[in-house]
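Note that the sequence shown ends on residue 496 in the working numbering; no numbers are left out. Notes follow once the structure below has been shown.
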Amino acid sequence: MDYPHGRTVTTVFVHTDSGERIHVLESKKGQHAGLHSGMRVRVTGTWAGGMRSGGGMAAAAAAAAPKAFVAASTQRIGGVKRGQVRRPALARGKLEASAPMLSSNPPTAKDISTIVIPIAGVTPQGGACPGTSLPQFSVDQEANRNGTTVGSLFGSCSYGKSRLTAANSLVAPLVKLPCEGITNGVAWTFSKCDFDDFNGWADAADEALRAQGVALEKYKYRVYLVPPSACGFVGLGYVGCDGSYTCRAWIGSAVWDSATAIAHELGHNLFMGHATSILPDLSVDEYGDVTSVMGYCCETRCPNTPQAWQMGWLTLQQLDSSSLKPGQTVQLRLASQAISSQTGARIDVSSWVAGVDPIFVGFRTAERGDRGLSAGAAGRVHVYTAPTTNNFDARPTIWREGLAAGQSWSQPASGVVVRHKGMAGSSALVSVCRSGGAETAASCAAGVDWDCNGLAGAADPACASLLA
Numbered sequence: 029m030d031y032p033h034g035r036t037v038t039t040v041f042v043h044t045d046s047g048e049r050i051h052v053l054e055s056k057k058g059q060h061a062g063l064h065s066g067m068r069v070r071v072t073g074t075w076a077g078g079m080r081s082g083g084g085m086a087a088a089a090a091a092a093a094p095k096a097f098v099a100a101s102t103q104r105i106g107g108v109k110r111g112q113v114r115r116p117a118l119a120r121g122k123l124e125a126s127a128p129m130l131s132s133n134p135p136t137a138k139d140i141s142t143i144v145i146p147i148a149g150v151t152p153q154g155g156a157c158p159g160t161s162l163p164q165f166s167v168d169q170e171a172n173r174n175g176t177t178v179g180s181l182f183g184s185c186s187y188g189k190s191r192l193t194a195a196n197s198l199v200a201p202l203v204k205l206p207c208e209g210i211t212n213g214v215a216w217t218f219s220k221c222d223f224d225d226f227n228g229w230a231d232a233a234d235e236a237l238r239a240q241g242v243a244l245e246k247y248k249y250r251v252y253l254v255p256p257s258a259c260g261f262v263g264l265g266y267v268g269c270d271g272s273y274t275c276r277a278w279i280g281s282a283v284w285d286s287a288t289a290i291a292h293e294l295g296h297n298l299f300m301g302h303a304t305s306i307l308p309d310l311s312v313d314e315y316g317d318v319t320s321v322m323g324y325c326c327e328t329r330c331p332n333t334p335q336a337w338q339m340g341w342l343t344l345q346q347l348d349s350s351s352l353k354p355g356q357t358v359q360l361r362l363a364s365q366a367i368s369s370q371t372g373a374r375i376d377v378s379s380w381v382a383g384v385d386p387i388f389v390g391f392r393t394a395e396r397g398d399r400g401l402s403a404g405a406a407g408r409v410h411v412y413t414a415p416t417t418n419n420f421d422a423r424p425t426i427w428r429e430g431l432a433a434g435q436s437w438s439q440p441a442s443g444v445v446v447r448h449k450g451m452a453g454s455s456a457l458v459s460v461c462r463s464g465g466a467e468t469a470a471s472c473a474a475g476v477d478w479d480c481n482g483l484a485g486a487a488d489p490a491c492a493s494l495l496a
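Below, the structure is given as C-alpha cells:
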C-alpha cells in the first residue's frame, strides 16, 4: 500500500486452488523475503483467532471470521524462480571488440487492457454512507481526454510498445454500492478499510457491472477508484500479475484524477517495484527517486532507466568485465530517454565483483512523458543501481546521483567511475571508467587513466614523479 508522506506497507496474499484470497502474516520478521507473484507455495500455520468457518457463512459468522493466516513456514513448490523467466537479449553492434554490447528485454505487456471502475458507497436515500463522502471527481474528469492520461503516459514512455487506449480500455460508469454487504461469502463495509472491505467493494462492483452487461474478462487489469472513506492510501496494487488471478489495483479518493497515480499502481501490476533513494543517514526513502513514476506521486514522468529497460522499452549499451577492463575508459553518447528508446547503459559489475548490483546510467530531459521532471533532475545524467534481471523482477531500484556537466559518481566496490563530460548537441557525453588501482609508470607512459580520476599521462599529477 502506498500512503502519503512516504509510508508504504507490503502485504502477502495467497490465492488458493478453490479461488479464495488469504492474507498471510509473518510469524517472524523477514519470513516473506524472496516471495514474488506467480510463485506457488505451501503455507503451514494457524488461522488468526483460531478455527476458520467454511464457505456459505451467514453475515454474522462472516464478520467474525478470522481474516488472516499466520505462517509458521512457507515453502516454494512451483512457479517461476526470480531471474529465470527471461534473460536480457544481448547482440553485438557494429562497434570495436571492447565496445559495449546491446541489452534489451521483450515488452512485459504490449496490450495493457484496463478497466477503471469508480465506486461510491450510497445509502438507500442516495446520500453517502456513514464515514464516507461522495466522490470528488466525475467519470468525465477521470477520462481526461484533453490532458495527460494514463494511456498517453504509457504510450510516450514505451515509445508505442505498450498500449492503453480507448480501443482496449474503458472508464466504467460510477458503481453505487450499499454501505455494507457480503460478496463471495465475505462481509465488507464502508465504515473501515481492511483488505476484506476494499476487496469486497471490488467484488461487488464487478458483480454490478456484469449485471449491466460489461464483459470484464476483456480487460486484464482492473483499477478501482475508492470513495473518500477510512482508506488513507494513495493507492495499492498487486505486485506482478501472471494471469492466474484477477489483477487489481485501488486508487485513493484524493488522486482519482491523477494519471501518474494510476500509472504507478499499474506499474506494480506490471512487476515494477518502487523507485527508491538513499538518505544521508543511509536509510532508504521508499519513493525518493524523483526521476520515476514509481517514486512519489504525482508529477508527470516515466519510469527510470532500469525500470524502462525491465519493461522492454529501452535498449541499453551493456558493459561487463569483457568490455570494461581494469584501467579502461569507455565513451558513451546518450540521447534523452524522453525521445529515444536506444539510449542509456547497464554496467554489469557483478561480472567482476560478486554481490554488487548492476549500475544503470540514463540522460533525462523534461519533455514528452518526462515533461513533469523537476528542474533539479532535468538535463542531468542519472545513475542508478538495481538488481533487476528480467521483466518479472519486481525488486526496487535505487537512484544514486544526478550528474550535471563536469560531475562524476564513483562506486568503490567495483572501481567504476561515471563522469558527465558535457553536451554534444542534445546528447550527453559520458565516460565510464573501471579503476585498475594507483597509476604506474607503464600506465602513465601509455597515457591510460588507470586510476579513473579523469586525467591521463602528463596531465595527471599522479604521473609527475613516475614520468620524471
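Glycine residues also receive a C-beta, built at the ideal position from the N, C-alpha and C atoms.
Evaluate D488 with the Cβ neighbour count: other Cβ atoms within 10 Å of its Cβ, from every protein chain shown; 16 or more gives buried, anything less gives exposed.
-> Start at 1 with the first residue of the sequence shown, and residue 488 comes out as number 460. Buried, because 16 or more other Cβ atoms sit within 10 Å of the Cβ of D488.
Which residues does DSSP pair with D139 in a beta bridge?
-> Your numbering for residue 139 matches position 111 in the sequence shown. Residue pairing by DSSP puts D139 in a beta bridge opposite R191.
Just how far apart, CA to CA, sit C275 and Q435?
-> On the sequence shown, position 247 is the one that residue 275 refers to. On the sequence shown, position 407 is the one that residue 435 refers to. Their Cα atoms are separated by approximately 43 Å.
CA nearest to the CA of G228, picked from E235, A405 and T211 | What you label residue 228 is simply residue 200 of the sequence shown in a count that begins at 1. The option with the nearest alpha carbon to G228 is T211.
Taking I145 as the reference, give the member of D234, T74 and T102 with the closest Cα.
-> Residue 145 sits at position 117 when you count from the first residue of the sequence shown. Nearest option by C-alpha distance: D234.
For L192 and V150, believed in contact at Cβ under 8 Å, the rounded distance | Numbered from its first residue, the sequence shown carries residue 150 at position 122. Numbered from its first residue, the sequence shown carries residue 192 at position 164. Between L192 and V150 the Cβ distance is about 29 Å, and since that is not below 8 Å, they are no contact.
Given A87, which residues of its chain have a CB within under 8 Å of its CB, disregarding the five upstream and five downstream residues?
-> The residue you call residue 87 lines up with position 59 of the sequence shown. With a pLDDT of 41 at A87, under the threshold of 50, the modelled position of that residue is not reliable, and no figure is offered here.
Through-space distance from V283 to P386, alpha-carbon basis | Along the sequence shown, read from residue 1 onward, the residue named residue 386 stands at position 358. Along the sequence shown, read from residue 1 onward, the residue named residue 283 stands at position 255. Looking at the two C-alpha atoms, the distance is approximately 34 Å.
Expressed to the nearest angstrom, what Euclidean distance is found between the alpha-carbon atoms of Y247 and S197?
-> For this step, residue 247 is matched to residue 219 along the sequence shown. For this step, residue 197 is matched to residue 169 along the sequence shown. Each residue's alpha carbon lies about 7 Å from the other.
From M451, L310, C480 and Y266, pick the residue whose C-alpha is nearest to that of E577; which is it?
-> This structure does not reach residue 577, given that the chain is present from 29 up to 496, and the question cannot be answered.
What residue range is occupied by the uninterrupted beta strand (DSSP E) comprising E208?
-> To locate residue 208, count along the sequence shown from 1; it is residue 180. Segment E208 to T211, the beta strand (DSSP E) holding E208.
Alpha carbon to alpha carbon, what distance is there between G159 and S364?
-> Counting from one through the sequence shown, the residue named residue 364 turns up at place 336. Counting from one through the sequence shown, the residue named residue 159 turns up at place 131. Roughly 47 Å between the two C-alpha positions.
Would you decide whether M300 is buried or exposed? Buried here means 16 or more other CB atoms lie within 10 Å of its CB.
-> Along the sequence shown, one-based indexing puts residue 300 at 272. Its Cβ being crowded by 16 or more others within 10 Å, M300 is buried.
Out of curiosity, what's the CA-to-CA distance linking P424 and F165?
-> In the sequence shown, counting from the first residue as 1, residue 424 sits at position 396. In the sequence shown, counting from the first residue as 1, residue 165 sits at position 137. For P424 and F165, the distance between alpha carbons rounds to 32 Å.
R68 to V321, Cα distance in whole Å?
-> Counting from one through the sequence shown, the residue named residue 68 turns up at place 40. Counting from one through the sequence shown, the residue named residue 321 turns up at place 293. Rounded to the nearest angstrom, the two C-alpha atoms are 30 Å apart.
Can the beta-carbon of V262 be found less than 9 Å from the beta-carbon of L237?
-> In the sequence shown, the residue the question calls residue 262 occupies position 234. In the sequence shown, the residue the question calls residue 237 occupies position 209. Against a cut-off of 9 Å, the Cβ pair of L237 and V262 comes out as no contact.
6 Å CB neighbourhood of A100 in its chain, flanking five on each side removed = For the purposes of this step, residue 100 is identified with residue 72 of the sequence shown, where counting begins at 1. Answer for A100: S55, T72 and G73, listed in chain order.
Exposed or buried, P163, counting other C-beta atoms within 10 Å across all chains shown (16 or more means buried)?
-> Position 135 of the sequence shown, counted from the first residue, corresponds to residue 163. The residue is buried, with at least 16 neighbouring Cβ atoms inside 10 Å.
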